[in-house]
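Novice: Below: one structure in structure tokens.
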């Protein structure tokens, strides 16, 4: 009996010691990383309007920065020429200000999620370069001026470069050529000279894409046009990219004299039919093998996913002087766009908080990294 009591005492001591070193309820991501970089999340409409109370509680506790997931994209904020809809964006900015957050606007110029009128005249023909410049300037000036001094950084141009380093053949490019990027940054700088201005893209570690983006950065700077950062979206999986590839991209971007922003991070543990992509047009037909974990992740897959997150955050800490912020693209798994991408009906688990609004164990470990453990 004495042996049993002694054993229970040892176990109790072991548990209490373990608890003493665990993360307390007051620890949060934003507090842990306050000396490294902003830690952020994207907000969707239920969160912005306060109807997703549980997510809002997580955002307030865990994050120091927020970005608009959709409500500032041109198709929503200017659905008709000259007719702006600011209600959602206003509430988003108010949420950030109330909670003393670093607010990011997303996105000013993007070929996708854009209203049909933007590129055509009354006859459905492509507009002239001068008309498109005017529309770009009006859109950017109206949006940026409205939130001048309040939105601290803007994704000015989004996803303009292909993986091989060529320019995406969007209507912006077809009508204005490469000049549409300097124009966008010029208009944004004029509208709010103090806001940080970023170029943002996915598959941002591809060597040829890195080279072209750096050329754009250097070109803007040579012309006296400000660019403060490059956004690495970081829509990644368990295998792609290799950590070394991603690290090289961080170093290369930073060497051009701008900060790196990790802008839309999530790590999907699901298989991909074609590698890594974040192109919203790249959907594929449903296949059961592409949706293998409908009831939750197996323990070995969850461990691999967790280690992948930790490897990335170790890398962020290593290069913290180069990094302005790390933003997750959503709060909980049920919010993530990856649930239906690239296969409709998929169940994905890419974020730090689960479908029941519970903190995943990896969060404690990410916090612990800042303590040098």
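Numbering (full-length UniProt numbering), first residue to last: 1 to 373.
Each residue gets a CB set at the ideal place from its N, CA and C atoms; glycine is no exception.
The model shown is predicted, which means the values in this text are computed figures rather than measured ones.
#1: Within 10 angstroms of its Cβ, does residue 294 collect 16 or more other Cβ (buried), or is it exposed?
#2: Can you tell me the Cα-Cα spacing of residue 351 and residue 288, whole angstroms?
#3: Three or more beta-carbon pairs under 8 Å between the region 75 to 86 and the region 36 to 56, yes or no?
#4: Can you tell me where the beta strand (DSSP E) holding residue 102 begins and where it ends?
#5: Per DSSP, which one or two residues make a beta bridge with residue 83?
#6: Can you tell me which of the three DSSP states residue 126 falls into?
#7: Measure from the alpha carbon of residue 336 to the alpha carbon of each residue in 357, 322 and 321, then state which is nearest.
#8: Taking C-beta to C-beta, are residue 66 and residue 103 nearer than 8 Å?
#9: If we call anything under 8 Å between Cβ atoms a contact, is residue 88 one with residue 144?
#10: If you drop the 5 nearest sequence neighbours on each side, which residues of the same chain put their C-beta closer than 6 Å to that of residue 205?
#11: Contact check, residue 260 vs residue 229 under 8 Å by CB: the rounded distance?
#12: Give the single residue among 319, 297 and 292 whose Cα lies nearest to the Cα of residue 345.
#13: Indicate whether at least one CB of chain B lies closer than 8 Å to the CB of residue 32.
#14: Check whether the region 153 to 161 and the region 114 to 130 touch, using three or more Cβ-Cβ pairs below 8 Å as the test.
#15: Any idea what DSSP makes of residue 75, helix, strand or coil?
#16: Is the separation between the beta-carbon of residue 36 and that of residue 320 shorter than 8 Å?
#17: For residue 268 versus residue 333, is the C-beta distance shorter than 8 Å?
#18: Can you pull the DSSP bridge partners for residue 259?
#19: Tell whether a beta-carbon distance below 8 Å holds between residue 63 and residue 30.
#20: Am I right that residue 368 and residue 328 are in contact with their C-beta atoms under 8 Å? What's the rounded C-beta distance?
#21: Report the start-end ranges of each alpha helix (DSSP H) in the region 167 to 244 that is 4 residues or longer and not cut off at the edges.
#22: I'd like the span of the beta strand (DSSP E) that includes residue 147, first residue to last.
Specialist: For this structure:
#1: exposed
#2: 22 Å
#3: no
#4: 102 to 110
#5: 80
#6: strand
#7: 357
#8: yes
#9: no
#10: 241, 245, 246 and 249
#11: 7 Å
#12: 292
#13: Reference to chain B is not applicable here, since this structure consists of a single protein chain.
#14: no
#15: helix
#16: yes
#17: no
#18: 229
#19: yes
#20: Going by Cβ atoms, the distance from residue 368 to residue 328 rounds to 18 Å, so no, they are not a contact pair.
#21: 171 to 176, 180 to 191 and 207 to 222
#22: It is not in any beta strand (DSSP E) - residue 147 carries neither H nor E in the DSSP assignment.
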